[in-house]
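Undergrad: Line by line, the protein sequences are chains S and P. Mind the numbering: the first sequence is residues 0 to 232 in numbering that gives the first Met the number 0, read in order. Mind the numbering: the second sequence is residues 0 to 351 in numbering that gives the first Met the number 0, read in order. Each residue gets a CB set at the ideal place from its N, CA and C atoms; glycine is no exception. Bear in mind the structure is a predicted one, so any value in this text is a computation, not a measurement. One structure follows; several queries about it will come next.
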Amino acid sequence: MKIYPVVVLAAMLSLGSVAWAADIVGVITLKGTPPAEKEITPLKEDANCGAMYQTTPTTHFYVVDAKGDLADVVVSLKGITGKSTGASAAPAVLDQKGCLYVPQILAIQTGQKLIVKNSDNCIHNVHAMPAVAGNPESNQVQMAGGADLDFAFAQPEMFLKFKCDVHPWMFAWVSVFDSPYFCISDKDGKFVIKNVPPGKYTVEAAHRKLGTQVQAVEVKDSDATVNFTFEVK
Amino acid sequence: MSGKATTGSNPWLHRFAVLTAGCTFLLLGLGGLVTSHEAGMSVPDWPNTYGYNMFLFPFSQWVGGIFYEHTHRLLASGVGLLTTILAVWLWFKDSRKWMHWLGVVAFLLVVAQGVLGGLRVTLHMDSLGIFHGTIAQLFFVLTCALALFTSRWWAEMAPHQPGFRVPGDLRTLVLATTLLIFGQLILGATMRHQHAGLAIPDFPLAYGKIWPDTSPDAVAQYNARRISLNSENDITAFQIELQMTHRIMALAIFILTAVCAWLARRQLGGKDALAKLAGFWLALIFLQALLGAATVWSNKAADVATAHVLVGALSLMIGSMWCIMAFRRSEPITEARPLGAFGSQPILAANK
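Okay, structure coming up:
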């Protein structure tokens, strides 16, 4: 009978820790007219890659819908370090499909496994080009149908570049964080950073082309909302 | 270069030297294409190619950027072989000791180039690409010089009447202009290896102005509006200023070359070979300026940018050969090289 109160107390504490965490949500919009995307003509002209397309694909630096909702913005809690759960997190996947990297914008934790696949029937090289010391540069062969390549990065870094030098229009940007508190805005411009403990934080929104914005937010016992508006001048 | 007389030219040695120089020029072009197509790292291993012996890499896999990088490596091996043969041939068949050592220098330089190119790939060092590109230009000049030194013109050249000599001020001006061209080539190589595409997208203005705004806000706007097909790095204020320096130096080189051509014509006469060569040099620099503009207007089209590299190499080579020939014509008259009548060949006559 003495065990019962202990079990109840433990259950209440664990439920309490979940209940005390909340999400940071918001929407990211773009003001102004972004520059026109370009057709990736070299891709269509490539014998192997071009055969996979009926029409010429375009670049997608600015993924904006009619309402101005901006996708592919990396949103994170600024200044949080040493909280990475990357080692136990599920691997993230970066695929080479149709001679393009999918997705082009990705975010992972330090120590988290990143699997790079080659779903194409042609040769690629996977060239990771970190700029932060402690994240080593590497350049590996990946034949058609070849084995997946694994990566992991020990240091936080924004927009670490992955590219294929065989097909120079292929590139992706992987941001590495030292905590699980990050996300990427979807096609509706919406983002959700999950399970943030109560407290005051600085939320940072970073777009590959438009730079970075920050806002302060306080998380209490319910979801906190913060919106960002980027502008193209 | 003066002093001991040669025993006349060896036509086959000279032809082989010309072949080596010609292949080196082609190699420069292929190297230019590698950088222009951003293919420098498309073959991750060296000296193998995707695990194959370089010479056994299947042709079916010569795709995309691999085509440029792999053919560059193959031709580089060919140039290495030609240079080795040339160095050995010079050592055993040319009586001039300084030519023996020049051949050795050429051999060592081509080996160094091969290693530099390989290390650039295996160590992922972009900065080595700048050295590799610059030394390539110097090596090209050296192979052309070897062709000149083994030529009949060089063997038969003898001091003539004073009017045949090239005035010192003209030689100095051409030398200074050639050195400026070399500096411009280093600048160009540095720009190309930033992998940031066109730092300034318009010409002759720069972002619509005579001198562009390089404030942080302005540069952020330039990057925000830039849509590239390749994974180019963001441009920086430094890169914009580098491009502006390149443009200003181009103007300075054009003016100096024009002065050289005018002075050569005035001091040597319009029919003199070196005066004509100076005129050709000016035309080449004008073409180079047009290619530079075309590189910007075509948004750095790979073939245009590579042509710009090649004409730059030719400009450096022409200036260098002009200097060497001018100094050869102006060598002091000594007992070993007595004055001959204009057009006569006392050296060959003595060796008959």
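1. Pop quiz: His206 of chain S and Val62 of chain S are said to be a contact at Cβ under 8 Å. What is the actual Cβ separation, rounded to whole angstroms?
2. Quick check: is the beta carbon of Val62 of chain S nearer than 8 Å to any beta carbon in chain P?
3. Please name the residue or residues paired with Asn134 of chain S in a DSSP beta bridge.
4. Kindly list the residues whose CB is nearer than 7 Å to the CB of Ala70 of chain S, restricted to its own chain and excluding five residues on each side of it in sequence; keep chain order.
5. Kindly indicate which three-state DSSP category Gly117 of chain P falls into: helix, strand or coil?
6. Could one say the Cβ of Leu99 of chain S lies closer than 8 Å to chain P's Cβ atoms, at least one of them?
7. Asp119 of chain S: which of S:Pro129, S:Val195, S:Pro135 and S:Cys98 sits nearest, CA to CA?
8. Does DSSP put Gly167 of chain P in a helix, a strand or coil?
9. Please check if any C-beta of chain P sits within less than 8 Å of the C-beta of Thr58 of chain S.
10. Could you check whether the Cβ of Val165 of chain S sits closer than 8 Å to any Cβ belonging to chain P?
11. Expressed to the nearest angstrom, what Euclidean distance is found between the alpha-carbon atoms of Ala130 of chain S and Phe152 of chain S?
12. For Gly15 of chain S, decide whether its Cβ has a neighbour in chain P, counting only Cβ atoms nearer than 8 Å.
13. For Pro135 of chain S, which residues from the same chain have a beta carbon less than 6 Å from its beta carbon, with the 5 sequence-adjacent residues on both sides left out?
14. Interface residues of chain P around Asp45 of chain S at Cβ under 8 Å?
15. Against Gln220 of chain P, what residues of chain S qualify as contacts under a CB-to-CB distance less than 7 Å, listed in chain order?
16. What residues in the segment 201-222 of chain S bring their beta carbon closer than 8 Å to a beta carbon of chain P?
17. Output yes or no for whether 8 Å exceeds the beta carbon distance between Asp125 of chain P and His194 of chain P.
18. What is the DSSP secondary structure of Met40 of chain P, reduced to helix, strand or coil?
19. Buried or exposed: Gln53 of chain S, going by 16 or more other Cβ atoms within 10 Å of its Cβ?
20. Which residue comes first and which comes last in the alpha helix (DSSP H) that contains Trp152 of chain P?
21. Residues of chain S with CB under 8 Å from Gly39 of chain P, in chain order?
22. Answer yes or no: does any C-beta atom of chain S fall closer than 8 Å to that of Ala223 of chain P?
23. Taking 8 Å as the threshold (beta carbon to beta carbon), is Tyr49 of chain P in contact with chain S?
24. Got a sec? Which residues, its chain only, sit under 7 Å from Tyr180 of chain S by beta carbon, not counting five neighbours each side?
25. From S:Leu148, S:Ala65, S:Glu38 and S:Phe176, pick the residue whose C-alpha is nearest to that of Phe158 of chain S; which is it?
26. Looking only at C-alpha atoms, which of P:Gln112, P:Ile129, P:Gly291 and P:Phe253 sits nearest to Gly278 of chain P?
27. If you check the beta carbons only, do Ile122 of chain S and Val62 of chain P fall under 8 Å apart?
28. Find the residues of chain S that neighbour Leu228 of chain P, judging by a C-beta separation of less than 7 Å, and give them in chain order.
29. So which residues on chain P does Glu156 of chain S lean against when the C-beta distance must stay under 8 Å?
30. Can you check whether the C-beta of Pro215 of chain P is within less than 8 Å of a C-beta belonging to chain S?
31. Is there contact between the segment 98-118 of chain S and the segment 142-152 of chain S, where contact requires at least three CB pairs shorter than 8 Å?
32. Provide the residue(s) that pair with Ile107 of chain S in DSSP beta bridges, ordered along the chain.
33. How is Glu330 of chain P classed by DSSP in three states: helix, strand or coil?
34. Residues of chain S with CB under 7 Å from Pro57 of chain P, in chain order?
35. Within the same chain, show all residues whose beta-carbon is closer than 7 Å to that of Ala205 of chain P, passing over the 5 residues directly before and after it, in chain order.
36. Leu32 of chain P and Thr177 of chain P: beta carbons closer than 8 Å?
TA: Quick answer:
1. Looking up residue 206 of chain S in the first sequence gives position 207. Looking up residue 62 of chain S in the first sequence gives position 63. Not really, about 10 Å apart at Cβ, beyond 8 Å.
2. Here residue 62 of chain S refers to the residue found at position 63 when the first sequence is read from its first residue. Using beta-carbon distances, Val62 of chain S does not count as an interface residue toward chain P, since no partner is under 8 Å.
3. The sequence position of residue 134 of chain S within the first sequence is 135, counting from 1. Answer by DSSP bridge pairing: none, since Asn134 of chain S is not bridged.
4. For the purposes of this step, residue 70 of chain S is taken as residue 71 along the first sequence, with counting starting at 1. Excluding positions up to five away in sequence, the list reads Val62, Ser184, Asp185, Lys186 and Gly188.
5. If you number the second sequence from 1, residue 117 of chain P lands on position 118. In this structure, Gly117 of chain P counts as helix in the three-state DSSP scheme.
6. Here the question's residue 99 of chain S lines up with position 100 in the first sequence. Not one chain P Cβ lies under 8 Å of Leu99 of chain S.
7. In the first sequence, counting from the first residue as 1, residue 119 of chain S sits at position 120. Out of S:Pro129, S:Val195, S:Pro135 and S:Cys98, S:Cys98 has the C-alpha closest to the C-alpha of Asp119 of chain S.
8. In the second sequence, residue 167 of chain P corresponds to position 168, counting from 1. DSSP places Gly167 of chain P in helix when its eight states are reduced to three.
9. Walking along the first sequence from the start, residue 58 of chain S turns up at place 59. By this cut-off, Thr58 of chain S is an interface position.
10. Here residue 165 of chain S refers to the residue found at position 166 of the first sequence. For Val165 of chain S, the answer is yes, since a Cβ of chain P falls inside 8 Å of its Cβ.
11. The sequence position of residue 130 of chain S within the first sequence is 131, counting from 1. The sequence position of residue 152 of chain S within the first sequence is 153, counting from 1. The straight-line gap separating the alpha-carbon atoms of Ala130 of chain S and Phe152 of chain S is approximately 12 Å.
12. Along the first sequence, read from residue 1 onward, the residue named residue 15 of chain S stands at position 16. Since pLDDT at Gly15 of chain S reaches only 49, below the 50 mark, its modelled position is unreliable, and the value read off the structure follows with that caveat. So no, Gly15 of chain S is outside the interface.
13. For the purposes of this step, residue 135 of chain S is taken as residue 136 along the first sequence, with counting starting at 1. Taken in chain order, the list of residues that qualify is empty.
14. Residue numbering aside, residue 45 of chain S sits at position 46 when the first sequence is read from its first letter. What Asp45 of chain S touches in chain P: Val62 and Gly63.
15. In the second sequence, residue 220 of chain P corresponds to position 221, counting from 1. By Cβ distance, chain S contributes Lys232.
16. Lys208, Leu209 and Gly210
17. In the second sequence, the residue the question calls residue 125 of chain P occupies position 126. In the second sequence, the residue the question calls residue 194 of chain P occupies position 195. Result yes, Cβ atoms of Asp125 of chain P and His194 of chain P sit closer than 8 Å.
18. Sequence index remark: in the second sequence, residue 40 of chain P carries index 41 (1-based). DSSP places Met40 of chain P in coil when its eight states are reduced to three.
19. Taking the first sequence and counting its residues from 1, the one referred to as residue 53 of chain S is at position 54. By the 10 Å Cβ count, Gln53 of chain S comes out exposed.
20. Counted from its first residue, the second sequence places residue 152 of chain P at position 153. Here the alpha helix (DSSP H) through Trp152 of chain P covers Arg151 to Glu155.
21. Start at 1 with the first residue of the second sequence, and residue 39 of chain P comes out as number 40. Result: Asp164.
22. Translated into positions along the second sequence, residue 223 of chain P becomes position 224. So, interface residue.
23. Residue mapping note: residue 49 of chain P aligns to position 50 of the second sequence, counting from 1. Chain S has a Cβ within less than 8 Å of the Cβ of Tyr49 of chain P.
24. Taking the first residue of the first sequence as 1, we reach residue 180 of chain S at position 181. If we look at Tyr180 of chain S and ignore the five residues flanking it on each side, its Cβ neighbours are Ser75, Leu76, Ile79, Ile192 and Val195.
25. The residue labelled residue 158 of chain S in the question sits at position 159 within the first sequence. Cα-wise, what sits closest to Phe158 of chain S is S:Phe176.
26. Working through the second sequence from its first residue, we reach residue 278 of chain P at position 279. Of the candidates P:Gln112, P:Ile129, P:Gly291 and P:Phe253, the one whose C-alpha sits nearest the C-alpha of Gly278 of chain P is P:Phe253.
27. By 1-based counting over the first sequence, the position of residue 122 of chain S is 123. By 1-based counting over the second sequence, the position of residue 62 of chain P is 63. In this structure, Val62 of chain P lies closer than 8 Å to Ile122 of chain S by Cβ.
28. Your numbering for residue 228 of chain P matches position 229 in the second sequence. Going along chain S in sequence order, the residues near Leu228 of chain P (Cβ under 7 Å) are Lys37, Ile39, Pro41, Thr58 and Trp168.
29. Here residue 156 of chain S corresponds to residue number 157 of the first sequence, with the count starting at 1. None at all; the shortest Cβ gap to chain P is about 15 Å.
30. Taking the first residue of the second sequence as 1, we reach residue 215 of chain P at position 216. Cβ-Cβ to chain S under 8 Å: no for Pro215 of chain P.
31. Verdict: yes, contact present.
32. Working through the first sequence from its first residue, we reach residue 107 of chain S at position 108. Per DSSP, S:Val175.
33. Residue mapping note: residue 330 of chain P aligns to position 331 of the second sequence, counting from 1. Coil, per DSSP.
34. Counting from one through the second sequence, the residue named residue 57 of chain P turns up at place 58. Those within 7 Å of Pro57 of chain P in chain S number zero; the least Cβ separation is about 11 Å.
35. Residue mapping note: residue 205 of chain P aligns to position 206 of the second sequence, counting from 1. Here the set comprises Ile199, Pro211 and Met243.
36. Working through the second sequence from its first residue, we reach residue 32 of chain P at position 33. Working through the second sequence from its first residue, we reach residue 177 of chain P at position 178. Contact flag unset, no.
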